[in-house]
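Student:
There are 2 protein chains.
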Amino acid sequence: MNLILLYPEEVQASGQILSLKDRRFQHIAQIHQPQIGDRLRAGLINGPIGEVEVLALSASEVQLRWHLAAAKPSPDALPLELVMALPRPKMLKRVLQTAATLGVKSLWLIHSYRVDKSYWSTPVLSPDSVHEHLCLGLEQAGDTLLPQVHLRKRFKPFVEDELPALVAGRRALVAHPYQAQDCPAPAWQPSVLVLGPEGGFIPYEIAKLQEAGVESVSLGSRILRVETALPVLLTRLFPLR
Amino acid sequence: MNLILLYPEEVQASGQILSLKDRRFQHIAQIHQPQIGDRLRAGLINGPIGEVEVLALSASEVQLRWHLAAAKPSPDALPLELVMALPRPKMLKRVLQTAATLGVKSLWLIHSYRVDKSYWSTPVLSPDSVHEHLCLGLEQAGDTLLPQVHLRKRFKPFVEDELPALVAGRRALVAHPYQAQDCPAPAWQPSVLVLGPEGGFIPYEIAKLQEAGVESVSLGSRILRVETALPVLLTRLFPLR
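Going down the list, the protein sequences come from chains A and B.
Per our numbering, the first sequence starts with residue 447, numbered consecutively.
Per our numbering, the second sequence starts with residue 447, numbered consecutively.
#1: Roughly how many angstroms lie between the CA atoms of L679 of chain A and L528 of chain B, to the nearest whole one?
#2: Tell me which residue opens and which closes the alpha helix (DSSP H) that V497 of chain B is part of.
#3: To which residues does DSSP link R617 of chain B through a beta bridge?
#4: Are S637 of chain B and P519 of chain B close, meaning C-beta to C-beta below 8 angstroms?
#5: If you compare alpha carbons, which of A:R540, A:Q479, A:R560 and A:L686 is closest to A633 of chain A?
#6: Jot down the residue ranges of each uninterrupted alpha helix (DSSP H) in the region 641 to 685 of chain A, minimum 4 residues, whole runs only, in chain order.
#7: For a test of the three-state rule: what should DSSP assign to P460 of chain B, helix, strand or coil?
#8: Would DSSP call R600 of chain B helix, strand or coil?
#9: Give every residue of the same chain whose Cβ lies closer than 6 angstroms to the Cβ of G642 of chain A, excluding the five residues on either side of it in the sequence, and list them in chain order.
#10: In its own chain, which residues sit with a C-beta less than 6 angstroms from the C-beta of A546 of chain A, not counting the 5 before and 5 after it?
#11: Figure out for me which residue from B:S662, B:R534 and B:D522 has the closest Cα to the Cα of Y565 of chain B.
#12: Check whether the Cβ atoms of A460 of chain B and W512 of chain B lie closer than 8 angstroms to each other.
#13: Which runs of the beta strand (DSSP E) fall wholly inside the region 548 to 578 of chain B and span at least 3 residues, in chain order?
#14: Contact criterion: CB-CB distance below 8 angstroms. Does D589 of chain B meet it with respect to chain A?
#15: Can you round the beta-carbon distance between T544 of chain A and L676 of chain A to whole angstroms, since I take them to be within the 8 angstroms contact cut?
#16: According to DSSP, simplified to helix, strand and coil, what is D607 of chain A?
#17: Take F604 of chain B as the anchor and find which of B:V550, B:E651 and B:G489 has the nearest alpha-carbon.
#18: Can you list, in chain order, the residues of its chain with a C-beta nearer than 6 angstroms to that of A502 of chain A? Leave out the 5 residues immediately preceding and following it.
#19: Using a Cβ-Cβ cut-off of 6 angstroms (strictly less than) and excluding sequence neighbours within five positions of I474 of chain B, which residues of its own chain qualify?
#20: Compute the distance between the beta-carbons of E499 of chain B and G483 of chain B, then report whether it is under 8 angstroms.
#21: From this set, A:A587, A:W554, A:V595 and A:V561, which residue's C-alpha is nearest D574 of chain A's C-alpha?
#22: Please report the Cβ distance between G549 of chain B and R668 of chain A, rounded to the nearest whole angstrom; I am assuming they are in contact, meaning their Cβ atoms lie under 8 angstroms.
#23: Using a beta-carbon distance below 8 angstroms, is L548 of chain B in contact with chain A?
#24: State buried or exposed for D589 of chain A, treating a residue as buried only when at least 16 other CB atoms are found within 10 Å of its CB.
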C-alpha cells in the first residue's frame, strides 16, 4: 500500500481528523509501523492525493489528520478501453489488481466460447469484491482514480452493438497468435485492447472482432497466461509515463 | 500446458512409448481431452520439441508415443542474468513461473535488507518445488530449456565478489525510482537486470549495486509489485521475438 485510499465520505476538508479500524489500519500498523507525527501518502478515491498525519495508534485503530497541502497529481491514466474474456476467479482477482495498478480506467469483462459459464457466478464479481481488488491495485500504484468495470455476459451483442463505437477513432488490437501482424511501436494514443481467454478466442470470435474493426497482433513465439500477457501488452502499446 | 514436458529418462528415441500418471496425465485428460490418435505438442527437458501421439487413455494414465519428426526449435532465450531480492513465498511461486515463461534462463535470488529472513526457509525454495514451478512456466510458454536458479543468502559477498563479473560486458540495470534515468529502448543485448524487494533496496544497497556497475532506471510514476514489474521490465528491455 503505497498510498492510503480514503473515501470522500470519510474526509471532506483538509485538517479533518478520522479513525481507521479496517484493513487500512492493519496495514499501517503492521507494515508502515509509524511514529506519532509521521506523515503517510494518502488520497481520496476519485480525488486528490495528499498526506495523513498519524495522531494516535492503538491495538485496534489509527487516528489520522488529512492534509491536502502537499497535493500531487495522480499518475496518468492509460487512454485505453480494455476488453477481456472473463478470467477464472483466482486469476480475475489478480487481473483486477494489475489492471488498476497499471492505469487501466475502463475494463470490459465479456463472455467467450472458452469462458466457463460458472465464472459469471463467482463472488469475486460482486460489486464489493471488484471494488476491493481495484482499490488494492490503486493503493499499490499510488493512484486514486477508480476504474469502471463493465460486465457483458453475451459475446455477440457486445461485439456487434457496443464494440464498433468503442473502436471508432481508436487503435484497436486483439492479441492472437495466428494471421497476426507484429505489435506496433508504443504510442500514447486512444486504444482498444482485446484479450482472449486461456486457450484463445475461437475463429468465429476472431472474425467477429475483425468485423468490428479490431486487428490481430502477435505477442511473439511464447504463449503467455492472461495475467502475464496484460502487463506485457500494455508495456508494448504505451510508452513509459 | 501448451507443451508437455518429458524427462530425458522417460524417452530416449523417437517412436518410443511411455505412460504418464502424474499431473501431466491429469492435465491431458481434463484439459486436452484428446481422441485416440491425436497428437499433442511435447518436448524433452533441455532438449528438442516434437509431438506425442495419444495411444490409450484410461481413468488413471495416458499412453503416448513420442515423435521427434516434427521437431521445432524452442523460443529464443533472453540474453539475461536476472537478479532478484527473494520474494515472499506466495509471490516466489508466480515469479518462478513467470520468469520461466518469459524466457529467463539464469535467475539469481539474493538477500536484501527488506527480505524477511524467514523467506529463506520456505518449502517453495526446495529443489523439487523450484523445478516444478519452472516446468509449469516452460509448459505455458512452449519452451524446454530449464532456467538455472542460484541462491545467494548474503547480499554483500554476492554484490562484491560475483556481480562485477556478471556485469562485465553487459548492460546492467536496477529498477529504482530515485536518481534514475529513463529505461533504455528495447535491444536484444546481453543484460543484467536487478529487481529489489517490496519496499525497494535501501540506499546502502543501491550504492553497492552502483559500485558494481549497475545503473538505476526508472519505471515511471506508478509503483509496481515485483510480479508485475518483472514482465513490464523484460518487455521494456527486449524487443518482441
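Glycine included, C-beta positions come from ideal geometry on N, C-alpha and C.
Quick caveat: nothing in here was measured; it's all calculated off a predicted structure.
Tutor: Reading off the structure:
#1: 21 angstroms
#2: Per the sequence presented here, residue 497 of chain B reads as Glu, with Val not at that position. Taken as a continuous stretch (DSSP letters only), E497 of chain B belongs to no alpha helix (DSSP H), being part of the beta strand (DSSP E) at I495 to L503.
#3: B:S637
#4: no
#5: A:L686
#6: 649 to 657 and 672 to 683
#7: In the sequence under discussion, the amino acid at residue 460 of chain B is Ser, which differs from the Pro named in the question. Residue state, collapsed to three classes: coil.
#8: coil
#9: A531
#10: L580, G583, L584 and P593
#11: B:R534
#12: Correcting the residue identity first, residue 460 of chain B is Ser in this sequence and not Ala. A contact, by the Cβ cut-off of 8 angstroms.
#13: 552 to 556
#14: yes
#15: 6 angstroms
#16: helix
#17: B:E651
#18: Q509
#19: V508
#20: yes
#21: A:V595
#22: 6 angstroms
#23: yes
#24: buried
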